[in-house]
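Before any comments, here is the structure.
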Amino acid sequence: MKQGVFAALALVLLAGVLAVFWIGGVIMGRSGTDSYTGGAPVDYVIILGCRLDGREPGRCLEERVKTAAEYLRKHPFAMAVCSGGQGEDEEISEAEAIANALKKRGISAGRIILEDQSHSTYENFQKSKEILDRRKGGEPYQVSFVTNDFHVYRSRLLAEEIGFSSPAAVSAKTPASLYYTNLLREIAAVAATWCGYR
1 MKQGVFAALA LVLLAGVLAV FWIGGVIMGR SGTDSYTGGA PVDYVIILGC
51 RLDGREPGRC LEERVKTAAE YLRKHPFAMA VCSGGQGEDE EISEAEAIAN
101 ALKKRGISAG RIILEDQSHS TYENFQKSKE ILDRRKGGEP YQVSFVTNDF
151 HVYRSRLLAE EIGFSSPAAV SAKTPASLYY TNLLREIAAV AATWCGYR
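Residue numbering for the sequence shown follows UniProt numbering, beginning at 1 and increasing consecutively.
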C-alpha cells in the first residue's frame, strides 16, 4: 500500500518537474522580438509596466524603457502607450515613471499616452485597447508591445485575447541576476493563463 502511494507521488512529482521544464522551454523559445517589426509601420507601442524603485523604474522596467526608446526612434510616427497603475509600495504610477524615463531619453511628451489604471498584464492590454479604440474611432491600427524576454510569450497570448490583431513583440533583455527568478514566476503565470486565470 505504502509503496503504491510513494510511486504515485513520485509520478506526480516527475510530471510536475517535466511540466515546469516544458513550459519554461515554450517561454524561452518564444521570447524574442518579432522579425517583421523592423520596418513594419506601427501606430502605437505599448510599454508594459513593471516594479518601480520609489519613483524610478526598477531594473527590468529600465530595460523595457531603454528598448522602447530605441524602437520609437526607429519608428518616428509611432506613439508610446505607457501602461501601468500605481502599486501600494510605489510613489507614482508605473505609467508616469515610464513616461518620465522616455522623456529623459529624448522621446517628446507629444508622443506619449498614459494608461495608469491597470494592475496586471491582462489589464495593461485591456485598458490600453480601450484608450486606443476611442482615439481611432473604429479605424484599424497596428500595435507593438515592449516587455522583457521572459514575459513575451504570455503577453502576446493576452494581447491577442484582448483583441489586438497581430501584435508585434519587442523583446527587452532581463538583467542576468533576475532572469531565473522571473522565469520561475512566469512559468506559474503561464500555467495559470492556460487554465483561464487572468
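Ideal Cβ positions, reconstructed from N, Cα and C, are used throughout, including at glycine. In this text the structure is predicted, and so the values were computed from the model without any measurement.
Put simply, of Ala109, Ile107, Ile131 and Ser108 the residue whose alpha carbon is nearest the alpha carbon of Gln117 is Ile131. Spanning the alpha carbons of Ala80 and Leu184 requires a straight line of approximately 29 angstroms. For Ser165 and Lys127, the gap between their C-alpha atoms comes out near 16 angstroms. Cβ atoms of Gly85 and Glu94 come within 8 angstroms of each other, at about 7 angstroms.
Counting along the chain, Thr147 sits inside no alpha helix (DSSP H); it lies in the beta strand (DSSP E) bounded by residues Val143 to Asn148. Under the 10 Å beta carbon count, Gly25 is surrounded by fewer than 16 other beta carbons and is classified as exposed. Bounds of the alpha helix (DSSP H) holding Cys60 are Arg59 to Lys74. Check the Cα spacing between Gly138 and each of Lys129, Ile92 and Ser144: the tightest is with Lys129.
If you draw a 10 Å sphere on the C-beta of Cys50, you find 16 or more other C-beta atoms in it, and that means buried.
By the C-beta criterion, the segment 107-116 is judged not to be in contact with the segment 147-161, since fewer than 3 inter-stretch pairs fall below 8 angstroms. Classified as exposed, Leu9 has fewer than 16 neighbouring CB atoms from the shown chains inside 10 Å of its CB. Straight across, the Cα-Cα distance linking Trp194 with Gly32 is about 21 angstroms. Looking only at Ala168, Lys74 and Arg156, the smallest Cα-Cα distance to Gln142 is reached by Ala168. Contact annotation: Val190 and Arg30 have beta-carbon atoms that are not nearer than 8 angstroms.
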